[in-house]
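Chemist:
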Amino acid sequence: MRLDDTPESQNVEDRRDDGPASPGGGFGGGGGFGGGGGFGLPIGGGMGGLGVIVVIGAALFLGIDPMALLSGMQQSPPPREYQQPRQAQPSQTGRPVGRDDEMRRFVGRVLGSTEEVWREQFPAQLNQQYREPTLVLFTGRVNSACGSATAASGPFYCPGDMKVYIDLSFYEMLRTRFRAPGDFAQAYVIGHEVGHHIQRLLGILAKVQERKRQVSQVEANALQVRVELQADCFAGAWAFHANRKRAILEPGDVEEALRAAAAIGDDTLQGGAARAETFTHGTAAQRQRWLKRGLQTGSLRDCDTFSAREL
Numbered sequence: 564m565r566l567d568d569t570p571e572s573q574n575v576e577d578r579r580d581d582g583p584a585s586p587g588g589g590f591g592g593g594g595g596f597g598g599g600g601g602f603g604l605p606i607g608g609g610m611g612g613l614g615v616i617v618v619i620g621a622a623l624f625l626g627i628d629p630m631a632l633l634s635g636m637q638q639s640p641p642p643r644e645y646q647q648p649r650q651a652q653p654s655q656t657g658r659p660v661g662r663d664d665e666m667r668r669f670v671g672r673v674l675g676s677t678e679e680v681w682r683e684q685f686p687a688q689l690n691q692q693y694r695e696p697t698l699v700l701f702t703g704r705v706n707s708a709c710g711s712a713t714a715a716s717g718p719f720y721c722p723g724d725m726k727v728y729i730d731l732s733f734y735e736m737l738r739t740r741f742r743a744p745g746d747f748a749q750a751y752v753i754g755h756e757v758g759h760h761i762q763r764l765l766g767i768l769a770k771v772q773e774r775k776r777q778v779s780q781v782e783a784n785a786l787q788v789r790v791e792l793q794a795d796c797f798a799g800a801w802a803f804h805a806n807r808k809r810a811i812l813e814p815g816d817v818e819e820a821l822r823a824a825a826a827i828g829d830d831t832l833q834g835g836a837a838r839a840e841t842f843t844h845g846t847a848a849q850r851q852r853w854l855k856r857g858l859q860t861g862s863l864r865d866c867d868t869f870s871a872r873e874l
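Taking this note's numbering as reference, the numbering of the sequence shown is continuous, increasing by one, and the terminal residue is 874.
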């Protein structure tokens, strides 16, 4: 990817030097992640007292089923103002300048690119103004409006505070465990989470959750597949417009993202024991198809997975 001329976002909140977050207030009835039926591991069980709190997103990269998180979500509250994010530059962190700070600049530029695109495309395509999310960098554990999370949860989007959370060590897991290396694969992760933010702004998440409460678990799973595929398409649409504006894509970049999309398909993650009725993110082929649709058209309306007869 070519991002050298893309300004870094000012909406990056660097919490990597804040120390470990309090383990309390997590997901599930037992607090924290994991054993209480929460977000840490692909285990069974419900979300207990999750209520209106929800995390959506890249737990899928770890093979985690977010339906356990999403099944309890009620309509999210209207947007509200939050404190200005603390901007941490490399010289302020106390860490030597190195690979970690290169990655910080990279994700800042990717987020800046999404802001540049959606600030233009929301009015152009939807006659609406775009409200930017914040990207939170953390190490190990973090507190959000959705509770506390660990790095093992992967990147996620929290509708309650409209922030994307990521521990940058996740990218090494993406490269090694999921065999999906490359900078555009990394950018796709952020584009997908910002896609969930777009769904939040457009009221899609609230409508889906209302419908989920009225249907069976199998039908709710099918709805969640459409949510995830739409976020993939939105990520592709961002890249379409970013490339038109600044020529960010280089040979091989699209293949990197498509490889990552296939690696996190439900059928890929479940392997030989794949059961279609349990899918919550879509097959490898579906994920690639909707990512490519966004990449080819750049149209938000073309990303309407909920009206599509076939995914």
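All residues carry an ideal CB built from backbone N, CA and C; glycine is no exception.
1) Measuring CA to CA, which of Q684, D581 and P696 is closest to S572?
2) Enumerate, from N- to C-terminal direction, the unbroken beta strand (DSSP E) stretches of 3 or more residues contained entirely within the stretch 675-744.
3) Using the rule of at least 16 other Cβ atoms within 10 Å of the residue's Cβ for burial, across every protein chain shown, is G875 buried or exposed?
4) Indicate the three-state DSSP secondary structure (helix, strand or coil) for E819 in the structure shown.
5) Below 8 Å on the Cβ atoms is my contact criterion, and I expect F784 with T841 to pass it. Report the Cβ-Cβ distance as a whole number of Å.
6) My understanding is that L821 touches Q851, with C-beta atoms under 8 Å, so please give their C-beta distance in whole angstroms.
7) If M725 sits next to R763, beta carbons under 8 Å apart, how far is it from one beta carbon to the other, in whole angstroms?
8) Please state whether the Cβ-Cβ distance between G766 and G857 is less than 7 Å.
9) So which of A847, R738, T713 and L689 has the shortest CA-CA distance to D795?
10) What is the DSSP secondary structure of V778, counted as helix, strand or coil?
11) Taking contact to mean 3 or more Cβ pairs, one atom from each stretch, closer than 8 Å, check whether the stretch 675-692 and the stretch 703-711 are in contact.
12) What are the complete alpha helix (DSSP H) segments, minimum 4 residues, inside the stretch 755-803?
13) Going by DSSP in three states, D746 sits in which element: helix, strand or coil?
14) Report the three-state DSSP secondary structure of E576 (helix, strand or coil).
15) Tell me whether S732 is buried or exposed, calling it buried when 16 or more other Cβ atoms sit within 10 Å of its Cβ.
16) From G845, T702 and H755, pick the residue whose C-alpha is nearest to that of E873; which is it?
17) Tell me the DSSP secondary structure of L874 in three-state form.
18) I'd like the list of long-range same chain contacts for R578, defined as Cβ closer than 7 Å, with 5 residues on each side in sequence excluded.
19) Any idea what DSSP makes of R824, helix, strand or coil?
20) Would DSSP call A805 helix, strand or coil?
21) Can you list, in chain order, the residues of its chain whose CB lies under 6 Å from that of L812, leaving out five sequence neighbours each side?
22) Quick check: the Cα distance between Y728 and G671, rounded to an integer number of angstroms?
Modeler: Well, looking at it:
1) Measuring C-alpha to C-alpha distances from S572 to each of Q684, D581 and P696 identifies P696 as the nearest.
2) Whole beta strand (DSSP E) segments, 3+ residues: 697-700, 704-707, 710-713, 719-721 and 726-729.
3) In the structure displayed, the chain extends from 564 to 874; residue 875 sits before or after that span and is not available.
4) Helix at E819.
5) First, the amino acid is wrong: residue 784 is Asn here, not Phe. Taking a contact as a CB-CB distance under 8 Å, the pair N784 and T841 counts as one, their CB atoms being some 6 Å apart.
6) Indeed, because the Cβ distance is near 5 Å, the residues count as touching under 8 Å.
7) Contact check for M725 and R763: beta-carbon distance about 7 Å, within the 8 Å limit, so the pair qualifies.
8) Taking 7 Å as the Cβ cut-off, G766 and G857 do not qualify as a contacting pair.
9) Of all alpha-carbon atoms in A847, R738, T713 and L689, the one lying nearest the alpha-carbon of D795 is that of A847.
10) V778 falls in the coil class under three-state DSSP.
11) Too few Cβ pairs lie closer than 8 Å, so no.
12) With a minimum length of 4 residues, the continuous alpha helix (DSSP H) runs that stay inside the stretch 755-803 are 767-775.
13) D746: helix per DSSP, three-state reduction.
14) It is a strand residue.
15) Using a 10 angstroms sphere on the CB of S732, the tally of other CB atoms stays under 16, which defines it as exposed.
16) Shortest Cα-Cα distance from E873 to any of G845, T702 and H755 involves G845.
17) Here L874 carries a coil assignment [DSSP, helix/strand/coil].
18) Only V699, L700, F701 and V705 meet the Cβ criterion.
19) Correcting the residue identity first, residue 824 is Ala in this sequence and not Arg. Three-state result, A824: helix.
20) The three-state reading of DSSP puts A805 in helix, counting H, G and I together.
21) N806, listed in sequence order.
22) One alpha carbon belongs to Y728, the other to G671, and they sit about 13 Å apart.
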